[in-house]
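S.K.: Got a structure here, written out as structure tokens. Questions coming.
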């Protein structure tokens with residue numbers, strides 16, 4: 045990475061290694077409109093209309109800013125149904141970066157999960173992993189499998205100095221495989237950046253240790269590389285043995301540990317699509333038939349060829365340390381600013397976004413009343429900022445209808461790459477500071493409409509005790525006629 049110094053180092057801020065060439069106008073709706081909008085959305089930020097949102101920090105999926113080179117590449121796309129040269133360029137780039145000979149395209153990451161689960165997960169099988177993701181777990185359980193979460197103990201510590209809280213506990217992994225027997229293990233999964241517990245990375249050494257356990261028991265190792273870019277940055281900057289390695293070399297070293305690597309290009313590569321990179325021809329052939337059945341022909345897999353061209357460029361740009369550092373640096377800045385103000389957040393700063401610890405922020409709300417969901421709704425009321433609940437609301441009910449409580453209750457404020465300015469980040473920090481001062485006004489939520497599958501996407505809730513109106517009244521008292 046470029047090492048840039050400041051003459052005076054007080055209040056040093058991240059320095060963007062890019063310039064803005066296209067802008068989109070934003071509007072901050074007035075308070076009364078924000079209150080009506082969240083009520084109309086059933087207090088579910090997924091159901092808000094984007095026109096009613098000022099800062100959309102819901103996700104980084106498919107909303108990262110493309111580079112000028114990506115935009116230019118879209119103009120040379122080959123839209124042939126079969127044998128497209130666009131696909132040939134993408135497949136060659138993936139082989140160059142990851143060193144795996146086979147590639148299956150898919151429209152996004154969860155489509156890859158669907159194919160992997162259909163082929164490798166059977167009733168009674170088990171998938172050990174550092175931590176689950178919502179759609180990953182859903183695909184596995186639909187096929188009759190179960191998930192075993194084996195993240196290190198530090199991974200569930202809210203505040204910590206541990207640099208790799210996404211590491212898998214290899215001793216527990218070996219015990220898990222022995223307990224179920226290797227024949228019951230569909231595959232071992234590692235997520236590069238544990239999405240649901242703060243975007244925390246794993247180290248290259250830990251991945252090598254996981255590989256050793258897999259080799260010992262004859263298990264397949266699969267990596268979800270959707271958040272790989274952030275994980276690469278943290279390996280480069282936090283893992284002493286990797287400081288002198290290039291991003292490209294770190295990437296290859298990680299890929300060399302895996303049998304299969306899949307990703308959502310809505311995150312990795314800053315485009316829209318995804319795919320599965322496969323080392324074994326036998327595994328490739330086992331999955332190949334499901335691509336034309338569920339996704340599209342083998343040379344596009346449900347993706348736009350223009351997005352595929354942008355993905356090819358975006359993957360190469362991911363090998364640039366200056367490109368991938370922007371997100372983690374902005375997230376680190378936001379986390380540090382909130383810590384200064386006493387607002388509870390996950391530390392150390394991870395990837396994807398800033399994660400607010402709702403268990404400490406609204407410690408008066410029981411988990412059964414979805415504190416992270418309530419806090420996400422309150423933040424929208426306070427500032428028109430759309431975040432995402434990552435807690436019990438995002439979990440699925442057990443087969444008997446009971447509700448397991450999440451390990452953490454987080455509000456994730458995603459910082460899509462090269463999208464927000466530091467002044468916008470500081471606006472979000474300011475509104476969070478105000479909200480924390482008035483946190484006792486926030487109450488819980490209860491379901492009014494609870495879907496059976498992935499309920500957090502489109503379920504509706506109501507506030508307990510009419511707290512949202514009281515919060516709005518306090519905002520108007522403190523801010524007057526300001527937005």
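Residue numbers (the working numbering): 45 to 527.
For every residue, glycine included, the Cβ atom is placed at its ideal position computed from N, Cα and C.
1) Rounding to the nearest angstrom, what Cα-Cα distance links residue 318 and residue 306 in this structure?
2) Can you give the beta carbon distance from residue 420 to residue 463, rounded, assuming they're within the 8 angstroms contact cut?
3) From 71, 486, 61, pick the residue whose C-alpha is nearest to that of residue 468; which is it?
4) To the nearest angstrom, how far is the alpha carbon of residue 393 from that of residue 484?
5) Determine the direct distance from the alpha carbon of residue 320 to that of residue 284, and round the result to whole angstroms.
6) CA-CA distance, residue 519 and residue 383?
7) Residue 228 to residue 217, Cα distance in whole Å?
8) Give the straight-line distance between the Cα atoms of residue 311 and residue 173, rounded to the nearest whole angstrom.
9) What are the partner residues of residue 397, as DSSP defines its beta bridges?
10) Going by C-alpha to C-alpha distance, which of 361, 164, 409, 343 sits closest to residue 509?
11) Please state if the CB of residue 89 and the CB of residue 438 are separated by a distance shorter than 7 angstroms.
12) On the DSSP bridge list, what partners appear for residue 307?
13) Would you list, in sequence order, the uninterrupted alpha helix (DSSP H) runs of no fewer than 4 residues that lie entirely inside the region 187-216?
14) Opposite residue 244 in the DSSP bridges: which residues?
15) Let me know the beta strand (DSSP E) ranges lying completely inside the region 145-169, each 3 residues or longer, listed in chain order.
16) Look at the alpha carbon of residue 268 and the alpha carbon of residue 497, and state the distance between them as a whole number of angstroms.
17) Find out if the Cβ-Cβ distance for the pair residue 253, residue 214 is shorter than 7 angstroms.
18) Report all residues from its chain with a CB closer than 6 angstroms to the CB of residue 482; omit the five preceding and five following residues, and keep chain order.
19) Which residue wins for smallest C-alpha separation from residue 443, given the options 93, 186, 502?
20) Is the separation between the beta-carbon of residue 322 and that of residue 304 shorter than 7 angstroms?
21) Measure the CB-CB distance between residue 458 and residue 103 and report whether it falls below 7 angstroms.
22) Quick one: using the 10 Å Cβ neighbour count with 16 as the cut-off for buried, is residue 263 buried or exposed?
23) Pick helix, strand or coil for residue 268, following the three-state DSSP scheme.
24) Check residue 439 in the structure and name its three-state DSSP category.
25) Can you tell which of 397, 117, 336 has its C-alpha closest to the C-alpha of residue 125?
26) Can at least three beta-carbon pairs, one atom from the region 356-368 and one from the region 422-430, be found at a separation below 8 angstroms?
27) Look at the Cβ atom of residue 479, then the Cβ atom of residue 422, and state whether they are nearer than 7 angstroms.
28) Could you compute how far the alpha carbon of residue 153 sits from the alpha carbon of residue 266?
29) Taking only three categories from DSSP, how would you classify residue 353?
30) Could you tell me which residues DSSP pairs with residue 367 in its beta bridges?
31) Using the DSSP secondary-structure output, state which residues sit across from residue 172 in a beta bridge.
32) Note down the Cα distance separating residue 472 from residue 378, rounded to an integer number of angstroms.
33) Could you give the DSSP three-state label for residue 512: helix, strand or coil?
34) Assuming residue 237 and residue 226 make a contact with CB atoms under 8 angstroms, what is their CB distance in whole Å?
35) Let me know the secondary structure DSSP gives residue 432 once reduced to three states.
36) To the nearest angstrom, how far is the alpha carbon of residue 181 from that of residue 49?
M.R.: If we stick to the structure as given:
1) 7 angstroms
2) Actually they do not touch by this definition, with Cβ atoms about 19 angstroms apart.
3) 71
4) 26 angstroms
5) 30 angstroms
6) When rounded, the distance between both Cα atoms is 23 angstroms.
7) 13 angstroms
8) 20 angstroms
9) 458
10) 409
11) no
12) 319
13) Listed in chain order, there is nothing to give.
14) 238
15) 146-150
16) The alpha-carbon atoms of residue 268 and residue 497 are separated by roughly 22 angstroms.
17) yes
18) 518
19) 186
20) Cβ distance < 7 angstroms, so residue 322 and residue 304 count as in contact.
21) Taking 7 angstroms as the cut-off, the beta carbon of residue 458 is found closer than this to the beta carbon of residue 103.
22) buried
23) Correct three-state label for residue 268: strand.
24) coil
25) 336
26) no
27) yes
28) 13 angstroms
29) For residue 353, the secondary structure class from DSSP, reduced to helix, strand or coil, is helix.
30) Beta-bridge pairing links residue 367 to no other residue.
31) 192
32) When rounded, the distance between both Cα atoms is 9 angstroms.
33) helix
34) About 27 angstroms; that fails the 8 angstroms criterion.
35) strand
36) 44 angstroms
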